[in-house]
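Enquirer: Just passing along the structure, written as structure tokens.
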Amino acid sequence: MFERLFPRRKKSPEPLPQPDAQLALGALLVRVAMADHNYKASEVGQIDRILSATFGLKPLEAAKLRATCEALERHAPGTPEFAQILRDEVDYADRKSLADAMWSVALADGARDDDEEVQLMAIETALGLTDEDIAAARESALRKN
């Protein structure tokens with residue numbers, strides 16, 4: 001009865017932060033993991049480990065960053081915009097390392113998926129990686145699994 005008289009107002013969502021290199025990387029990692037429409041705990045854990053190692057974060061800080069990146073990924077611009085942020089702020093050698101990290105997320109669930117591989121190719125291309133470096137990242141990741 002009280003619910004009809006005093007309906008709860010939905011909290012207005014907090015505005016999303018402006019993407020920087022940290023958020024762009026996290027959002028792209030989430031995008032790769034979600035490409036197969038099956039976001040598994042193993043992929044979440046891998047993303048957290050990558051964010052923690054890359055940015056020197058404690059596990060809880062990495063999980064909070066990932067949660068922000070998940071929201072950003074759902075509501076923010078497409079892959080080219082995120083990749084452009086990384087191209088502007090991250091040197092080429094580190095972008096090559098990002099490709100390796102993204103492959104580790106795609107394969108964290110123990111399965112290869114065409115949708116994830118297509119998403120990875122789009123991201124690697126948008127990051128400005130050469131065809132040779134893209135092939136090397138793929139080959140290295142598949143060899144490890």
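Read in order, the letters of the sequence shown correspond to residues 1 to 145 in full-length UniProt numbering.
Just so you know, even glycine gets a beta-carbon here, dropped at the ideal spot from N, CA and C.
Along the chain, where does the alpha helix (DSSP H) containing residue 114 start, and where does it finish?
Expert: What you label residue 114 is simply residue 114 of the sequence shown in a count that begins at 1. 114–126 is the extent of the alpha helix (DSSP H) around residue 114.
Enquirer: Measure the C-alpha to C-alpha separation of residue 17 and residue 61 and round it to an integer number of angstroms.
Expert: Within the sequence shown, numbered from 1, the residue matching residue 17 stands at position 17. Within the sequence shown, numbered from 1, the residue matching residue 61 stands at position 61. Approximately 16 Å between the Cα atoms of the pair.
Enquirer: Run the CB neighbour count on residue 41, radius 10 Å, all protein chains shown included, and call it buried at 16 or more, exposed below.
Expert: Against the sequence shown, residue 41 aligns to sequence position 41. Burial call: exposed.
Enquirer: Please state whether the Cβ-Cβ distance between residue 119 and residue 32 is less than 9 Å.
Expert: Your numbering for residue 119 matches position 119 in the sequence shown. Your numbering for residue 32 matches position 32 in the sequence shown. Yes, Cβ-Cβ distance for residue 119 and residue 32 is below 9 Å.
Enquirer: On the three-state DSSP scale, how would you describe residue 54?
Expert: The count along the sequence shown starts at 1 and reaches residue 54 at position 54. Residue 54: helix per DSSP, three-state reduction.
Enquirer: Mapping the DSSP letters down to three states, classify residue 108 as helix, strand or coil.
Expert: Here residue 108 is taken as the residue at index 108 of the sequence shown, counted from 1. In this structure, residue 108 counts as coil in the three-state DSSP scheme.
Enquirer: Determine the DSSP secondary structure at residue 75, reduced to helix, strand or coil.
Expert: Mapped onto the sequence shown, residue 75 falls at position 75. Looking at residue 75 - three-state DSSP - the assignment turns out to be helix.
Enquirer: For residue 104, which of 95, 25, 26 and 141 has the nearest alpha-carbon?
Expert: Taking the first residue of the sequence shown as position 1, residue 104 is located at position 104. Ranking the options by Cα distance to residue 104, first place goes to 141.
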